[in-house]
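Numbering (this note's numbering), first residue to last: 66 to 253.
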């Protein structure tokens with residue numbers, strides 16, 4: 066029970082105040098326990114952060130598998146963009162630098178998640194769209210999947226694009242328009 070409360074408390078502090086302010090001292094004060102008690106369950110703050118990062122990744126994979134994977138290719142791409150928006154709103158460049166410092170394997174694990182899950186999910190949707198003749202045959206699904214990931218990241222990192230969901234919708238509309246057969250109308 067204490068082990069889960071420690072994880073939940075540090076997660077809450079990270080979300081509310083950022084990684085830098087989520088110290089084990091703050092966790093011990095919040096929970097009314099000693100740091101020694103925290104170290105009874107976890108070897109280090111890095112250990113806790115590694116667990117939280119892995120849970121974050123698993124949460125998004127499970128969300129995709131239960132809510133997105135069954136959708137038609139266009140809706141799947143739209144939902145992938147929204148999922149990426151959520152991910153990259155929380156995990157920006159500052160957080161990635163923090164992860165690289167405090168969770169040595171974390172940056173590689175997140176990079177693997179991006180390439181083996183996010184890019185592959187976009188690619189799978191694009192390939193399926195091509196096979197269903199929703200998208201143009203001559204497109205390179207892998208390159209467009211990588212572009213989709215980069216667009217999703219940019220949308221969360223460029224202040225002018227971050228402003229509203231309307232901007233995200235426009236990015237998605239333009240991306241899908243580039244995939245579609247020229248004779249089809251936009252049906253988003």
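Glycine is no exception: its CB is placed at the ideal position from the N, C-alpha and C atoms.
Predicted model only: the values in this text are computed from it and were never measured.
Around the Cβ of residue i, are there at least 16 other Cβ atoms within 10 angstroms (buried) or fewer (exposed)?
{"i": "residue 105", "result": "exposed"}
{"i": "residue 208", "result": "exposed"}
{"i": "residue 216", "result": "buried"}
{"i": "residue 158", "result": "exposed"}
{"i": "residue 243", "result": "exposed"}
{"i": "residue 97", "result": "exposed"}
{"i": "residue 186", "result": "buried"}
{"i": "residue 162", "result": "exposed"}
Which whole-angstrom value describes the C-beta separation of residue i and residue j, a residue pair presumed to lie in contact below a C-beta threshold of 8 Å?
{"i": "residue 139", "j": "residue 194", "result": "7 Å"}
{"i": "residue 168", "j": "residue 111", "result": "6 Å"}
Over what stretch of residues does the alpha helix (DSSP H) that includes residue i continue unbroken?
{"i": "residue 223", "result": "Unbroken run through residue 223: none, as it is neither H nor E."}
{"i": "residue 154", "result": "138–155"}
{"i": "residue 245", "result": "It is not in any alpha helix (DSSP H) - residue 245 carries neither H nor E in the DSSP assignment."}
{"i": "residue 164", "result": "158–167"}
{"i": "residue 184", "result": "Looking at the DSSP string, residue 184 is not in any alpha helix (DSSP H), and its letter there is neither H nor E."}
{"i": "residue 174", "result": "171–178"}
Can you list, in chain order, the residues of its chain with a C-beta nearer than 7 Å to that of residue i? Leave out the 5 residues immediately preceding and following it.
{"i": "residue 76", "result": "117"}
{"i": "residue 93", "result": "99, 100 and 103"}
Whose C-beta lies closer than 6 Å to the C-beta of residue i among residues of the same chain, with five residues either side of it excluded?
{"i": "residue 113", "result": "75 and 107"}
{"i": "residue 90", "result": "none"}
{"i": "residue 122", "result": "178"}
Are any of the Cβ atoms in chain C nearer than 9 Å to that of residue i?
{"i": "residue 167", "result": "Looking for chain C here will not work: only one protein chain is present."}
Complete runs of the alpha helix (DSSP H) confined to the region 71–138 [at least 4 residues]:
89–96, 100–106 and 110–128
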